[in-house]
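To keep things clear, I will list the structure first and then write my remarks on it.
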Amino acid sequence: MNVDGVAYRSIWINDDGWSIDVIDQTRLPHAFEVRNLQNLGDACIAIRDMVVRGAPLIGATAAYGYYLAMRKDPSDSAMQNAYSRLFQTRPTAVNLRWALDRLRDCLESLAPGERIDRAFVEAGRIAELDVETNQSIGIHGLEVIKQIAARKLPGENVNILTHCNAGWLATVDWGTATAPIYMAHNAGIPIHVWVDETRPRNQGASLTAWELGHHDVSHSLIVDNLGGHLMQHGMVDLCLVGSDRTTRSGDVCNKVGTYLKALAAKDNGVPFYVCLPSTTIDWTISDGKEEVPIEQRDGTEVSQVMGKLPSGEIGHVTIAPEGTEVTNYAFDVTPARLITGLITEAAIIEATESKLASTFRENSLDLT
Ligand code: MRU
646 MNVDGVAYRS IWINDDGWSI DVIDQTRLPH AFEVRNLQNL GDACIAIRDM VVRGAPLIGA
706 TAAYGYYLAM RKDPSDSAMQ NAYSRLFQTR PTAVNLRWAL DRLRDCLESL APGERIDRAF
766 VEAGRIAELD VETNQSIGIH GLEVIKQIAA RKLPGENVNI LTHCNAGWLA TVDWGTATAP
826 IYMAHNAGIP IHVWVDETRP RNQGASLTAW ELGHHDVSHS LIVDNLGGHL MQHGMVDLCL
886 VGSDRTTRSG DVCNKVGTYL KALAAKDNGV PFYVCLPSTT IDWTISDGKE EVPIEQRDGT
946 EVSQVMGKLP SGEIGHVTIA PEGTEVTNYA FDVTPARLIT GLITEAAIIE ATESKLASTF
1006 RENSLDLT
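Take 646 as the starting number for the sequence shown in my numbering and just add one per residue.
Dropping the structure here:
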């Protein structure tokens, strides 16, 4: 996607030919800065501190982190160490495990001397696969938007609500929930996006609004609690969100607050679709509420807000009494029964175990 007319991905190989560059998402929207990753520690810190974030990008960064670890030491013990250090960075997005398993499985039978080149190639494949996958999600999701547009008056907007950032910054390119949005915009369909600010870290305000603005997509930033009101008043035609982990029965774990939007959508008859690559399906679990590990993050994310100060500096302000106890679960689970459909790279399917299995397990798209 474009940043001031220049095409970017969220992760790429530096001009030196071996190290990895990422956009520092902790600085957006106030500063566009590129961070260079040169070793395993750099990659772990980037994921843990959310320099990079979003399930698919976490997976791609982990893959490149594994490759960087191999550059230093391609031994069996270094492979194990790289796996466990990267695995511990963030617990909820299952793409992390998927990418690490894929790297480990393709490297373990190789002689140590062959591992560096192979890891580099495999990490690149993971990144490319993500871009292709998201394009396919976009093509399928575009049909949903077209159907809604067909029921509108000429020139009338299709109003889409999204939560958090499931945009190109959360993936390698295109995004998941934003891929249909960008494709609809590129096709000339009038759309307007309601962007949930997404407390506590405000990925909607800082990242989604930034992305959409750079692509000239009409949007309004809203507080997280406004969605229900907008839906009651017929101001939302469609909800599109992403997923950090989808169970084999179709429960979706995504950024905290997604569940409340799904409830409001159900109550108001608003279609609620989850856009997800099959890499976010965790075939080992069924009950999202009971089985997905929900990340709990530092309380300062809630008691403070990061932004641009009047001096122009980027800083934090405290919004709660000093010492206030904070609970900060970063994700929640939307049960499959609240989901209109899953927009995947293969097709739009019902959020059910049988549909997920028949789409991804019984044909050549088995990516587990
Ligand atoms: O904590 P984050 O910013 O990594 O959470 C990101 C989300 O919840 C996204 O909606 C999800 O990863 C889907 S991204 C395509």
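Every residue gets a Cβ at the ideal spot worked out from N, C-alpha and C, and that includes glycine.
Problem set entry | Length of the line joining the Cα atoms of residue 820 and residue 726 | Counting from one through the sequence shown, the residue named residue 820 turns up at place 175. Counting from one through the sequence shown, the residue named residue 726 turns up at place 81. Residue 820 and residue 726 have their C-alpha atoms spaced approximately 30 Å apart.
For this session: Use the C-beta contact count for residue 906: other C-beta atoms within 10 angstroms, 16 or more gives buried, fewer gives exposed.
Result: For the purposes of this step, residue 906 is taken as residue 261 along the sequence shown, with counting starting at 1. By the 10 Å Cβ count, residue 906 comes out buried.
Exercise. Taking 7 Å as the cut-off, is the CB of residue 704 close to at least one heavy atom of the ligand MRU?
Worked result: Numbered from its first residue, the sequence shown carries residue 704 at position 59. Closer than 7 Å to some heavy atom of the ligand MRU: that does not describe the Cβ of residue 704.
Problem set entry | Exposure label - residue 954; buried when at least 16 CB within 10 Å | As a first step, residue 954 is located in the sequence shown; it is residue number 309 there, counting from the start. Exposed.
Problem set entry | Spatial distance of residue 1013 from residue 957 (CA atoms) | Looking up residue 1013 in the sequence shown gives position 368. Looking up residue 957 in the sequence shown gives position 312. In this prediction, residue 1013 has a pLDDT of 44, which is less than 50 and means its spatial position is unreliable; what the coordinates show is noted afterwards. For residue 1013 and residue 957, the distance between alpha carbons rounds to 46 Å.
Exercise. Should residue 816 be counted as a contact of the ligand MRU given a C-beta to heavy atom distance under 7 Å?
Worked result: Counting from one through the sequence shown, the residue named residue 816 turns up at place 171. It does: the Cβ of residue 816 is within 7 Å (strictly closer) of some heavy atom of the ligand MRU.
For this session: Look at the alpha carbon of residue 696 and the alpha carbon of residue 974, and state the distance between them as a whole number of angstroms.
Result: Translated into positions along the sequence shown, residue 696 becomes position 51. Translated into positions along the sequence shown, residue 974 becomes position 329. Using only the alpha carbons, I get a separation of about 19 Å.
Exercise. When we look at the beta-carbon of residue 839 and count the other beta-carbons within 10 Å, is it buried (16 or more) or exposed?
Worked result: Taking the sequence shown and counting its residues from 1, one reaches residue 839 at position 194. By the neighbour-count rule (16 or more Cβ atoms within 10 Å), residue 839 is buried.
Exercise. Taking DSSP as the reference, what is the three-state secondary structure of residue 878?
Worked result: For the purposes of this step, residue 878 is taken as residue 233 along the sequence shown, with counting starting at 1. Shown here, residue 878 sits in coil according to DSSP, grouped into three states, outside any helix or strand.
Problem set entry | Residues of its chain near residue 792, where Cβ-Cβ distance is below 7 Å and the 5 sequence neighbours each way are ignored | The residue you call residue 792 lines up with position 147 of the sequence shown. None.
Problem set entry | Nearest-angstrom Cα separation, counted from residue 759 out to residue 829 | Here residue 829 is taken as the residue at index 184 of the sequence shown, counted from 1. Here residue 759 is taken as the residue at index 114 of the sequence shown, counted from 1. Taking the straight line from one Cα to the other gives about 44 Å.
Exercise. Whose C-beta lies closer than 7 Å to the C-beta of residue 965 among residues of the same chain, with five residues either side of it excluded?
Worked result: As a working mapping, residue 965 is identified with position 320 in the sequence shown. The residues are 948.
For this session: Can you check the stretch 750-838 for any alpha helix (DSSP H) of at least 4 residues that lies completely inside it and give the ranges in chain order?
Result: Whole alpha helix (DSSP H) segments, 4+ residues: 757-795 and 823-831.
Exercise. Rounded to whole angstroms, how far is the Cβ of residue 823 from the Cβ of residue 856, which I believe are closer than 8 Å?
Worked result: By one-based count along the sequence shown, residue 823 stands at place 178. By one-based count along the sequence shown, residue 856 stands at place 211. Yes, they are in contact, since the Cβ atoms of residue 823 and residue 856 sit about 7 Å apart, within 8 Å.
Problem set entry | Reduced DSSP secondary structure (H/G/I, E/B, other) of residue 961 | Sequence index remark: in the sequence shown, residue 961 carries index 316 (1-based). Judged by DSSP in its simplified three-state form, residue 961 adopts strand.
Exercise. Helix or strand or just coil, what does DSSP make of residue 651?
Worked result: For the purposes of this step, residue 651 is taken as the residue at position 6 of the sequence shown. Three-state result, residue 651: strand.
Exercise. In or out: residue 1010 buried (at least 16 other Cβ within 10 Å) or exposed?
Worked result: On the sequence shown, residue 1010 is found 365 positions in, with the first residue counted as 1. Because residue 1010 carries a pLDDT of 45, less than 50, the predicted location of this residue cannot be relied on, and the following value inherits that uncertainty. Exposed, since its Cβ has fewer than 16 Cβ neighbours within 10 Å.
For this session: Report yes if the C-beta distance between residue 789 and residue 797 is below 8 Å; otherwise report no.
Result: Position 144 of the sequence shown holds residue 789. Position 152 of the sequence shown holds residue 797. Contact: no.
Problem set entry | Beta bridge counterpart(s) of residue 918 as assigned by DSSP | The count along the sequence shown starts at 1 and reaches residue 918 at position 273. Its beta-bridge partners are 885 and 986.
For this session: Could you pull out every residue in the same chain whose Cβ sits closer than 7 Å to the Cβ of residue 648, ignoring the five residues on either side in sequence?
Result: Here residue 648 refers to the residue found at position 3 when the sequence shown is read from its first residue. Short of 7 Å from the beta carbon of residue 648, and not among the five residues preceding or following it, lie these beta carbons of its own chain, in chain order: 677 and 859.
For this session: Write down the C-beta distance between residue 884 and residue 806 rounded to the nearest angstrom, noting that I regard them as a contact closer than 8 Å.
Result: Counting from one through the sequence shown, the residue named residue 884 turns up at place 239. Counting from one through the sequence shown, the residue named residue 806 turns up at place 161. Distance from residue 884 to residue 806 at the Cβ level is roughly 5 Å; contact confirmed, criterion being Cβ atoms closer than 8 Å.
Problem set entry | Sufficient close CB pairs (3 or more, under 8 Å) joining the stretch 730-750 to the stretch 700-710 | Remark: three or more beta-carbon pairs, one from each stretch, lie closer than 8 Å, so the stretch 730-750 and the stretch 700-710 are flagged as touching.
Exercise. Taking the alpha helix (DSSP H) that residue 852 falls in, what are its first and last residues?
Worked result: Locating residue 852 in the sequence shown gives position 207, where the first residue counts as 1. Per DSSP, residue 852 belongs to no alpha helix (DSSP H) and is neither H nor E.
Exercise. Counting pairs of beta carbons, one from the stretch 777-788 and one from the stretch 726-737, are three or more of them closer than 8 Å?
Worked result: Short answer: they don't touch.
Exercise. Which residues in the same chain have their Cβ closer than 6 Å to the Cβ of residue 996, if we skip the five residues on either side of it in sequence?
Worked result: Residue 996 sits at position 351 when you count from the first residue of the sequence shown. Hits under 6 Å: 895, 981, 984 and 987.
Exercise. Any heavy atom of the ligand MRU closer than 7 Å to the Cβ of residue 996?
Worked result: Position 351 of the sequence shown holds residue 996. Distance from the C-beta of residue 996 to the nearest heavy atom of the ligand MRU is not below 7 Å.
Problem set entry | residue 976: first and last residue of the uninterrupted alpha helix (DSSP H) it sits in | Counting from 1 along the sequence shown, the entry for residue 976 is found at position 331. Where residue 976 is concerned, there is no enclosing alpha helix (DSSP H), although the beta strand (DSSP E) it sits in stretches over 976-979.
For this session: Would you mind working out which of 851, 763, 834 and 979 sits nearest residue 716, comparing C-alpha positions?
Result: In the sequence shown, residue 716 corresponds to position 71, counting from 1. Residue 763 holds the alpha-carbon nearest to the alpha-carbon of residue 716 among 851, 763, 834 and 979.
Exercise. For residue 738, which of 779, 871, 652 and 692 has the nearest alpha-carbon?
Worked result: Residue numbering aside, residue 738 sits at position 93 when the sequence shown is read from its first letter. Comparing alpha-carbon positions, the option among 779, 871, 652 and 692 lying closest to residue 738 turns out to be 692.
Exercise. Which residues in the same chain have their Cβ closer than 7 Å to the Cβ of residue 880, if we skip the five residues on either side of it in sequence?
Worked result: Here the question's residue 880 lines up with position 235 in the sequence shown. Correct list, in chain order: 804.
Exercise. In chain order, which beta strand (DSSP E) runs of at least 3 residues are fully inside the stretch 664-718?
Worked result: Segments of the beta strand (DSSP E) lying fully in the stretch 664-718: 665-668 and 679-682.
For this session: Below 7 Å CB to CB, which residues in the same chain sit around residue 873 once its five sequence neighbours on both sides are set aside?
Result: If you number the sequence shown from 1, residue 873 lands on position 228. The residues 909, in chain order, have a CB closer than 7 Å to that of residue 873 in the same chain once the five nearest residues on each side in sequence are set aside.
Exercise. Whose CA, out of 969, 886, 652 and 861, lies closest to the CA of residue 818?
Worked result: Position 173 of the sequence shown, counted from the first residue, corresponds to residue 818. Ranking the options by Cα distance to residue 818, first place goes to 652.
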